[in-house]
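**Student:** One structure coming up, written as structure tokens, with questions to follow.
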Amino acid sequence: MSGSGWAAGKKVGRKPAFTDNDVVQAAINEGIDRFTLAAIGDRIGVATTAIYRLFPSRDDIVIACLDAVAATIRRPAPGSDWRTTLRLWSDECWRICEEYPGLDRTVYSFAPAFTRIADVLGDYAENMAAAGITHGQAMFALDFIGDTVFACHLSVVAMRTTDRNGATGLERVREALGDNTTGFQPRESWTDRGVIDIKLDFIITGLDRHWPEI
């Protein structure tokens, strides 16, 4: 067959197989807030057009990523008191922010994001109902704590991120303030969840006295 030119051509083989889970994992590894279809294609070894056979749009991949994250969230144990339940929720919000880079930004930039944890929130609210807490009251507390953790995590990421010179955000803050620390005293806790626990204690203390409802 060498005379016909076939020997010089590429061998025809099977197209690389991939699944929706491969796409989702590649997107998560790239960062839920910043992945591109081209980057996903490079990771799993397929053309961008092939990805569209499983996901019609980038938003569909974002939703699949959010569903994958939601599936890892622990539910409260039956009979847990409402304080333990809310602390678990805080812990889980922090954990998923740490384990899934870009999730915090996605939650605030992708409008349907919160709809992907409706079942999770329902389980938490149902658990708190045993203490006489209404669904609306539970949703207020869960939303308040979730917002607090996610917003704090965005700030923590900024403090951890290094610039082209290798300086962290916290180091740049200290440099910007210089000797002027009358208003702020940058601490290493700004790069971790220490402040969140203080805020959570404050929220729980407030809920002991009054339960708003949404």
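The numbers in UniProt numbering rise by one with no breaks, and the one at position 204 of the sequence shown is 204.
Glycine included, each C-beta is placed from N, C-alpha and C at the ideal position.
These numbers were taken from a predicted model, which means no experiment stands behind them.
1. Out of Glu-92, Val-62 and Ala-113, which has the shortest C-alpha to C-alpha gap to Pro-76?
2. Using beta-carbon positions only, say whether Asp-197 and Thr-106 come within less than 9 Å of one another.
3. Using a C-beta cutoff of 9 Å, does Ala-39 count as contacting chain D?
4. Whether or not the segment 115-130 and the segment 148-167 are in contact is what I'm after, with contact meaning three or more pairs of Cβ atoms, one per stretch, closer than 8 Å; do they touch?
5. What whole-angstrom Cβ distance do Phe-140 and Ile-203 have, given they're in contact under 8 Å?
6. Nearest by alpha-carbon distance to Thr-168: which of Asp-201, Glu-188 and Phe-150 is it?
7. In chain order, what residues of the same chain have a beta carbon less than 8 Å from the beta carbon of Trp-94, not counting five sequence neighbours either side?
8. Name the two residues that bound the continuous alpha helix (DSSP H) containing Asp-123.
9. Name the residue from Val-157, Val-156, Trp-190 and Ile-133 whose alpha carbon lies nearest to the alpha carbon of Arg-209.
10. To which residues does DSSP link Thr-168 through a beta bridge?
11. Considering just the uninterrupted stretch of the alpha helix (DSSP H) at Leu-207, what are its terminal residues?
12. Let me check understanding here. Comparing Cα to Cα, which of Ala-64, Ser-57 and Leu-200 lies closest to residue 216?
13. If you draw a straight line from the alpha carbon of Trp-6 to that of Phe-18, how long is it in whole angstroms?
14. Have a look at Ala-130, Val-24 and Glu-175 and flag the residue whose alpha-carbon is nearest the alpha-carbon of Val-62.
15. Is it buried or exposed, Gln-137, if we count other Cβ atoms within 10 angstroms and call 16 or more buried?
16. What residues in its chain sit with their C-beta under 8 Å from that of Pro-186, if we drop five residues either side in the sequence?
17. Alpha carbon to alpha carbon, how far is Asn-180 from Asp-20? Give it in angstroms, no decimals.
18. Do you know how far the Cα of Asn-165 is from the Cα of Arg-87?
**Tutor:** Concretely, from the data shown:
1. Comparing Cα-Cα distances from Pro-76 to each of Glu-92, Val-62 and Ala-113, the minimum goes to Glu-92.
2. No, Cβ-Cβ distance for Asp-197 and Thr-106 is not below 9 Å.
3. Note that chain D does not occur in the displayed structure, where there is just one protein chain.
4. The way I'd put it, the segment 148-167 doesn't touch the segment 115-130; fewer than three beta-carbon pairs between them come closer than 8 Å.
5. The Cβ separation is near 10 Å, so there is no contact.
6. Just measuring C-alpha positions, the residue of Asp-201, Glu-188 and Phe-150 sitting nearest Thr-168 is Glu-188.
7. Cβ neighbours of Trp-94 beyond the five flanking positions: Val-149, His-153, Arg-193 and Ile-196.
8. Start and end: 118-129.
9. Out of Val-157, Val-156, Trp-190 and Ile-133, Ile-133 has the C-alpha closest to the C-alpha of Arg-209.
10. Beta-bridge pairing links Thr-168 to Thr-162.
11. For Leu-207, the uninterrupted alpha helix (DSSP H) run begins and ends at 194-209, by DSSP.
12. For the chain, the structure presents residues 1 to 214; residue 216 sits outside this window and is missing.
13. With a pLDDT of only 39 at Trp-6, under the threshold of 50, the placement of this residue in the model should not be trusted; the figure read from the coordinates follows. Between Trp-6 and Phe-18, the C-alpha separation is close to 29 Å.
14. Comparing Cα-Cα distances from Val-62 to each of Ala-130, Val-24 and Glu-175, the minimum goes to Val-24.
15. Buried is the label assigned to Gln-137, since at least 16 other Cβ atoms lie within 10 Å of its Cβ.
16. If we look at Pro-186 and ignore the five residues flanking it on each side, its Cβ neighbours are Leu-170, Val-173, Arg-174 and Leu-177.
17. Spanning the alpha carbons of Asp-20 and Asn-180 requires a straight line of approximately 52 Å.
18. Spanning the two alpha carbons is a distance of roughly 38 Å.
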